[in-house]
Amino acid sequence: MPPTMAVVEPAGDGACVLSTGSNSLDELAMWVAQLGVPFEVHEPPELVRHIRALGSRLVDAARRHPAT
């Protein structure tokens, strides 16, 4: 993670805290989802709504696609 994009700080037990910003909450939701690791949102609360909406759209898209 380049220091120009975010600050990553250790949080113990193999966890870390990522502090970053974005041009939009939709962009931030996509960005953290693409990291490929489990995460928890601490703030802002509006980001949680954006992540829920993104997750719902992705699940709906997967359900409409026949299983392979």
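Sequential numbering from -17 applies to the sequence shown in our numbering.
Where is the CB? At the ideal position from N, CA and C, for every residue including glycine.
With DSSP as the reference, please indicate the residues paired to residue i in a beta bridge.
i: serine 1; result: Val(-11)
i: glycine -6; result: Ala(-3)
Could you check whether residue j and residue i sit closer than 8 Å to each other, using their CB atoms as the reference points?
i: leucine 36; j: alanine 15; result: yes
i: valine 30; j: valine 23; result: yes
i: tryptophan 13; j: serine 6; result: no
In chain order, what residues of the same chain have a beta carbon less than 7 Å from the beta carbon of residue i, not counting five sequence neighbours either side?
i: alanine -12; result: Leu0, Ser1 and Thr2
Can you tell me where the alpha helix (DSSP H) with residue i in it begins and where it stops?
i: serine 38; result: 27 to 46
i: valine 14; result: 7 to 15
Which same chain residues end up closer than 6 Å to residue i when comparing Cβ atoms and leaving out the 5 residues on each side of it in sequence?
i: alanine 11; result: His32, Ile33 and Leu36
Measure the alpha-carbon distance for residue i versus residue j and round it to whole angstroms.
i: histidine 47; j: proline 27; result: 31 Å
i: alanine -3; j: leucine 17; result: 14 Å
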